[in-house]
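Enquirer:
Protein chains: 2
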Amino acid sequence: MSAAPLTDLDRLCIHTITTKSWDLETAAAKFSAAGVKGITVWRDTYADRDIAATGRMLRDHDLSIVSTCRGGFFPGATASARQTAIDDNRRAIAEAHELGAPLVVLVCGAVPGQSLEDSRKQIADGIAAVLPDCEATGVKLGIEPLHPMYADSRSAVNTLGQANDMCEQLKSPHVGVAADVYHLWWDPNLQTEIARCGEIGALFSFHVCDWRSPTIDFLNDRGLMGEGCINIPQIRGWVEDAGFTGFNEVEVFSHRLWAMDQDEYLKQIIQAYRDHV
Amino acid sequence: MSAAPLTDLDRLCIHTITTKSWDLETAAAKFSAAGVKGITVWRDTYADRDIAATGRMLRDHDLSIVSTCRGGFFPGATASARQTAIDDNRRAIAEAHELGAPLVVLVCGAVPGQSLEDSRKQIADGIAAVLPDCEATGVKLGIEPLHPMYADSRSAVNTLGQANDMCEQLKSPHVGVAADVYHLWWDPNLQTEIARCGEIGALFSFHVCDWRSPTIDFLNDRGLMGEGCINIPQIRGWVEDAGFTGFNEVEVFSHRLWAMDQDEYLKQIIQAYRDHV
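Protein chains in written order, with UniProt numbering: chain Z, 1 to 277; chain G, 1 to 277.
1. Measuring only the C-alpha atoms, how far is threonine 78/Z from leucine 63/G?
2. Since glutamine 162/G meets chain Z, which of its residues come closer than 9 Å, beta carbon to beta carbon?
3. With distances taken from CA atoms, which of Glu264/Z, Asp44/Z, Gly72/Z, Ile230/Z is nearest valine 157/Z?
4. Would you say isoleucine 14/G touches the ligand GDP, meaning its beta carbon is less than 8 Å from a heavy atom?
5. Per DSSP, what are the beta-bridge partners of histidine 207/Z in this structure?
6. Do you know whose CA, among Met166/Z, Ser213/Z, Leu99/Z, Pro214/Z, lies nearest arginine 196/Z's CA?
7. Under 8 Å, CB to CB, which of the residues in the stretch 214 to 226 of chain G have a partner in chain Z?
8. In chain G, what lies closer than 8 Å to methionine 149/Z by C-beta?
9. Check the Cβ of serine 170/G against every Cβ in chain Z and list those closer than 9 Å, keeping chain order.
10. How about proline 112/G: is its C-beta nearer than 9 Å to some C-beta of chain Z?
11. If we define contact as Cβ-Cβ less than 9 Å, is leucine 116/G a contact residue for chain Z?
12. Measure from the C-beta of cysteine 229/G to each C-beta in chain Z and report whether the shortest distance is under 9 Å.
13. Jot down the residue ranges of each uninterrupted alpha helix (DSSP H) in the stretch 111 to 198 of chain Z, minimum 4 residues, whole runs only, in chain order.
14. By the criterion of Cβ-Cβ separation under 7 Å, what are the contact partners of tryptophan 211/G in chain Z?
15. Using the beta-carbon of each residue, which ones in chain G are nearer than 9 Å to asparagine 248/Z?
16. What is the DSSP secondary structure of arginine 212/G, reduced to helix, strand or coil?
17. I think glutamate 227/Z touches histidine 15/Z, with their Cβ atoms under 8 Å apart; what is that distance to the nearest whole Å?
18. Taking DSSP as the reference, what is the three-state secondary structure of glycine 55/G?
19. Taking Cβ-Cβ distances shorter than 7 Å, what residues in chain G pair up with asparagine 158/Z?
20. Along the chain, which unbroken stretches of the alpha helix (DSSP H) at least 4 residues long are found entirely within the stretch 36 to 89 of chain G?
21. Go ahead and pull the three-state DSSP assignment for isoleucine 269/Z.
22. Please name the residue or residues paired with leucine 106/G in a DSSP beta bridge.
23. Is any beta-carbon of chain C found at less than 9 Å from that of isoleucine 235/Z?
24. For residue 282/G and valine 208/G, what's the separation of their Cα atoms in angstroms?
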């Protein structure tokens, strides 16, 4: 049922937010020295920098730039708010192109009190509005379905099935899915929808961390792989059965883990990757 | 799309935990004086009491006993743990019968690290094991699908679709669903599954509260109806379209609301019921 054990770090990617106290040069140097092969770059890390030079710096460290985080947040109560979001997503796509990242991950957005149906329509409309930028640059977009506990204000797309539906609706080779075990592990349809995502050619990314019991913060209490209840090797097996050969991306938001010595933390990440992904 | 406005309190039920600092006599007297017609009794409130006399006391206050909370927690790592849960559920059924409650609400349970598939099988097996008690007493069981954020340790049944599947699998007139807007509001299949639940004769209960933005506690930060993002009249409309004519049960866990003057809180509950259910 589970995937074969990971015997090397060739497919290990780490999100910059995972070790967010490190600036991008520090993260690149530390990741590279530890044998990490991929990096997903959060946009705040290159604000105020020469983006093309930043991309070269990362590649000089032998790091593959897997994606940038994040675009999205398309829903808005007014047309003006929605246009602001579209403009920001166009900037995100341009930045990814300049950086040399093939993909922008989307946290799609939601507006408290606005119906989820309206938000979903605004998300699809927003993605459609920026597709010409994707076609011009080759940059792809990864719809990340977020856990239902974020349906009020962060994403009206809460299951992989919905993300797959949206990909089929948009019918673009530039639109796919970023599948994160934290958001999806509970879903009784997960295996089926992962297979479907592969069949429609939309499985762009795979993110890992763990769900702690108890979880004490809605945003920043994720666990390192092995600290929680998610059967990550089983889900990785489903993802690989669906044809995915990309990076396994470690994306952890945790006040607890951010507070520890980050060199020690990086060692733990690598050990957890070997043992629990 | 929405249900017709509620013009009276004939279908208003309040869970004892909503005003948990009141003992059962106080809650009964206050609810009744305010015109509330139904009460759902949490089991802790009648521990150490004469249960039959407690039921008479509630009926003497013109309160319909809608259900008791809660049975369930069937999954366990060992056969002994699972038998302990079955024994407790048999006690819950016997208590409900003695109290005069037609229904026991089930929080089905989950074990961190045990697969959700195993937990779901243990839940179905546990319910099947206590069905003879239901048949002997007439007491029914309401499977309450819990929000996916509780999938680790509280319930491996996280969507109305799963609860409906389990009802169809168990094929008993004594097994149905307790549908709570807090757990279900985000589900893109909600309207369809409510209709299906009605068609299979399994829609036993309807619970209301609201989802606040932000929510700051995983258990005890529910909102009073109108304080959050859930379109309760829309969901009530779906429930009534499915043939449901029972009580609208106010079940709120909130450190914030428990800390206020509870007489004032009861007034707010009734106003919120009129305005936002």
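Just so it is clear, CB atoms sit at the ideal spot from N, CA and C, and this is done for glycine as well.
Expert: The short version:
1. For the purposes of this step, residue 78/Z is taken as residue 78 along the first sequence, with counting starting at 1. For the purposes of this step, residue 63/G is taken as residue 63 along the second sequence, with counting starting at 1. Roughly 47 Å separates the two Cα atoms.
2. Stepping through the second sequence from its first residue, residue 162/G is reached at position 162. Pro188, listed in chain order.
3. In the first sequence, residue 157/Z corresponds to position 157, counting from 1. The shortest C-alpha separation from valine 157/Z is found at Gly72/Z.
4. As for the ligand GDP, it is missing from this structure, which has no ligand bound.
5. For the purposes of this step, residue 207/Z is identified with residue 207 of the first sequence, where counting begins at 1. DSSP lists Asp180/Z, Glu249/Z as the beta-bridge partner residues of histidine 207/Z.
6. As a first step, residue 196/Z is located in the first sequence; it is residue number 196 there, counting from the start. Closest by C-alpha distance to arginine 196/Z, out of Met166/Z, Ser213/Z, Leu99/Z, Pro214/Z, is Met166/Z.
7. Of all residues in the stretch 214 to 226 of chain G, Pro214, Thr215, Ile216, Phe218 have a Cβ within less than 8 Å of some Cβ in chain Z.
8. Position 149 of the first sequence holds residue 149/Z. Within chain G, the residues His147, Pro148, Met149, Thr215 have their CB atoms less than 8 Å from the CB of methionine 149/Z, given in chain order.
9. Position 170 of the second sequence, counted from the first residue, corresponds to residue 170/G. According to the sequence as given, residue 170/G is leucine; it is not serine. Going along chain Z, no residue has its Cβ under 9 Å from leucine 170/G, so there is no contact; the nearest lies around 17 Å.
10. Within the second sequence, the letter at position 112 stands for residue 112/G. Chain Z has a Cβ within less than 9 Å of the Cβ of proline 112/G.
11. In the second sequence, the residue the question calls residue 116/G occupies position 116. Yes, its Cβ sits closer than 9 Å to a Cβ of chain Z.
12. The residue given as residue 229/G occupies position 229 in the second sequence. Using a Cβ-Cβ cut-off of 9 Å, cysteine 229/G counts as an interface residue toward chain Z, since at least one Cβ of chain Z sits closer than that to its own.
13. DSSP runs (the alpha helix (DSSP H)) wholly in the stretch 111 to 198 of chain Z: 116 to 137, 160 to 170, 181 to 184.
14. On the second sequence, position 211 is the one that residue 211/G refers to. Ordered by position in chain Z, the residues that pass the 7 Å Cβ test against tryptophan 211/G are Asp152.
15. Taking the first sequence and counting its residues from 1, the one referred to as residue 248/Z is at position 248. Simply none; closest approach about 21 Å.
16. Within the second sequence, residue 212/G is the residue found at index 212, counting from 1. The three-state secondary structure of arginine 212/G, taken from DSSP, is coil.
17. Here residue 227/Z corresponds to residue number 227 of the first sequence, with the count starting at 1. Here residue 15/Z corresponds to residue number 15 of the first sequence, with the count starting at 1. That belief does not hold up - the Cβ atoms of glutamate 227/Z and histidine 15/Z are roughly 17 Å apart, past 8 Å.
18. In the second sequence, counting from the first residue as 1, residue 55/G sits at position 55. When secondary structure is reduced to three states using DSSP, glycine 55/G falls in the helix class.
19. Against the first sequence, residue 158/Z aligns to sequence position 158. What asparagine 158/Z touches in chain G: Trp186.
20. You should have 51 to 60.
21. Taking the first sequence and counting its residues from 1, the one referred to as residue 269/Z is at position 269. DSSP places isoleucine 269/Z in helix when its eight states are reduced to three.
22. Translated into the one-based positions of the second sequence, residue 106/G becomes position 106. In the DSSP assignment, leucine 106/G is bridged to Gly71/G, Ile143/G.
23. Here chain C cannot be found, since the structure's protein chains are Z and G.
24. Because chain G here runs from 1 to 277, residue 282/G falls outside it and cannot be looked at.
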